[in-house]
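Read the structure below first, then the notes.
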Amino acid sequence: MMPDIQAKQHIMGLTFAGLEVNDLEVSKTFYRDVLGFSEAPAVRPDAVIMKTADGLGSFALKQPSGDGPKSATAVALWFACDDVDALADRARKAGAPVPLAPQNGPFGKMTVVVDPNGHSLTFHNA
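Mind the numbering: the sequence shown is residues 1 to 126 in the working numbering, read in order.
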């Protein structure tokens, strides 16, 4: 049970996200060449930072750490993009599942693409 407290601070926004991946090189190539993210200069050999075109958003792709069992987790990542149809088409041509074809949604036209690690990524028109 959670203690009965009131938050003293306001959460201001998401500043970073990380996804554990099975194969860093395959994932890096997919996110860069298929989805269009850019790669920041490497800082560690077991991770890479991917950035959006405007440079305001970034997230890490990283190899799992430790030897223990991994727990199942769900992650929801939504990205604004300039052309949902073109992105879904590139993903299909690269062999990636596109379980939600481009269609109108709560943030305009949207699609869902599955990365090589099974992460579902939602893209919507900016």
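C-beta atoms are modelled at their ideal positions from N, C-alpha and C, and glycine is treated no differently.
From a predicted model like this one, the values you see are computed outputs, not experimental measurements.
Using the three-state DSSP reduction, which class does Val112 fall into: helix, strand or coil?
strand
Leu100 - containing beta strand (DSSP E), residue span
100-105
Rounding to the nearest angstrom, what Cα-Cα distance links Glu39 and Leu61 in this structure?
Using only the alpha carbons, I get a separation of about 10 Å.
Would you say the region 111-126 touches the region 79-95, given that touching needs at least three Cβ pairs under 8 Å?
Yes: the two stretches touch, three or more of their Cβ pairs being nearer than 8 Å.
Chain-order list of residues whose beta-carbon lies under 7 Å from that of Gly18 (same chain, five-residue window excluded):
So the qualifying residues of the chain are Phe59, Ala60, Lys62.
Whole angstroms are fine: how far does the CA of His124 sit from the CA of Asp83?
8 Å
Buried or exposed for Ala7, please, with buried defined as at least 16 other CB atoms from any protein chain shown within 10 angstroms of its CB.
Summary for Ala7: the model assigns pLDDT 48, below 50, so the residue's position carries little reliability; its value from the coordinates is reported in the next sentence. By the neighbour-count rule (16 or more Cβ atoms within 10 Å), Ala7 is not buried but exposed.
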